[in-house]
Amino acid sequence: MSTSVAATPVVVAIDGPSGTGKSSTSKAVAARMGMRYLDTGAQYRAITWWMLHAGVDIDDPRAVAAAAGKPSIVSGTDPLAPSITIDGTDVAAPIRGERVTGAVSAVSAVPEVRTLITDLQRSIAAEADGGIVVEGRDIGTTVLPDADVKIFLTASPEVRAARRSAEVSGRAGAPAAGGADVAATQAALLRRDAADSGRKTSPLAKAGDATEVDTSELTLEQVIECVVTLIEERGRR
Ligand SMILES: Nc1ncnc2c1ncn2[C@@H]1O[C@H](COP(=O)(O)OP(=O)(O)OP(=O)(O)O)[C@@H](O)[C@H]1O
Ligand SMILES: Nc1ccn([C@@H]2O[C@H](COP(=O)(O)O)[C@@H](O)[C@H]2O)c(=O)n1
Numbered sequence: 001m002s003t004s005v006a007a008t009p010v011v012v013a014i015d016g017p018s019g020t021g022k023s024s025t026s027k028a029v030a031a032r033m034g035m036r037y038l039d040t041g042a043q044y045r046a047i048t049w050w051m052l053h054a055g056v057d058i059d060d061p062r063a064v065a066a067a068a069g070k071p072s073i074v075s076g077t078d079p080l081a082p083s084i085t086i087d088g089t090d091v092a093a094p095i096r097g098e099r100v101t102g103a104v105s106a107v108s109a110v111p112e113v114r115t116l117i118t119d120l121q122r123s124i125a126a127e128a129d130g131g132i133v134v135e136g137r138d139i140g141t142t143v144l145p146d147a148d149v150k151i152f153l154t155a156s157p158e159v160r161a162a163r164r165s166a167e168v169s170g171r172a173g174a175p176a177a178g179g180a181d182v183a184a185t186q187a188a189l190l191r192r193d194a195a196d197s198g199r200k201t202s203p204l205a206k207a208g209d210a211t212e213v214d215t216s217e218l219t220l221e222q223v224i225e226c227v228v229t230l231i232e233e234r235g236r237r
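The opening residue of the sequence shown carries number 1 in UniProt numbering; numbering runs sequentially from there.
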């Protein structure tokens, strides 16, 4: 297992569709290499949570745009204990709920929201002295186009849905995942991917210079090793 700390601050962009393993991989790679970690999806989820909480009509892009600058989002970038607050409220748990997950693509498609959150992401990356792994949908294409290492994770819809269902059914109080649950999970993942890929502003996309890693047949440990190797190879160049 590699425990080396990156010699110079390295910026790593990890993008990909929903449920491909971006968060699990990014957190573990950052922890192993002594880097910071930024979950940009959590920031879009946090602003979505705030909009819903504040009674903003998330289907009205002008209302969302007008409200976007009001809340203050703070992301903690310790990969062993990532955190997210909005106006001082810890929203790490509620942003994972179905309501936010169902609404986030509409909010994240609004250009004013993206401008604000992209600026925030760039300033966090610029302050990360020991390097940072930033994961999302448009990190390699738009947020950090000069990232040292760009990775685009993929996995088949069936594998993603099975992994996500297993994760959800493992949560306390959640019903066991049956076939119908996996099918519904897969449909929801694909709906979100379609919305995120289809929006006009900074859609989910693979950067031309990103390395694609299909995780369908790989264990999480194999994906982590693969990304660590790509970062170390970049460091030797
Ligand atoms: N290679 C792998 N093998 C098995 N399970 C995996 C692998 N990668 C991730 N997982 C599991 O799949 C689920 C989804 O992973 P994760 O949350 O990291 O994906 P994500 O791309 O960040 O998702 P989202 O975009 O929805 O936030 C988690 O339960 C995780 O433990
Ligand atoms: N760079 C990003 C990251 C995320 N989004 C939007 O947030 C949603 C939630 O992301 P998760 O990674 O937590 O699942 C995602 O579906 C996108 O709508 C984004 O636009 N850009």
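We put the CB at the ideal spot given by N, CA and C, even for glycine.
Of the residues assessed, Pro145 falls on the exposed side of the cut-off, its CB having fewer than 16 other CB atoms within 10 angstroms. When secondary structure is reduced to three states using DSSP, Ser75 falls in the strand class. In this structure, Ala195 has its CB closer than 8 Å to one or more heavy atoms of ligand 2. In the assembly as shown, Glu221 is an exposed residue. Its beta-carbon has fewer than 16 other beta-carbons within 10 Å. Using a Cβ-Cβ distance cut-off of 8 Å, the stretch 16-23 and the stretch 111-123 are not in contact, since fewer than three pairs of beta carbons, one from each stretch, lie closer than that value.
Along the stretch 25-80, the alpha helix (DSSP H) occurs as fully enclosed runs of 4 or more residues at 40-54 and 61-67, listed in sequence order. Distance from the CA of Asp78 to the CA of Pro71, rounded to the nearest whole angstrom, comes to 22 Å. For Thr211, the enclosing beta strand (DSSP E) stretches over residues Thr211 to Asp214. Following the DSSP letters along the chain, one finds Glu225 inside the alpha helix (DSSP H) bounded by residues Leu220 to Arg236.
Under DSSP, Gly136 takes part in a beta bridge, and its partners are Asp15.
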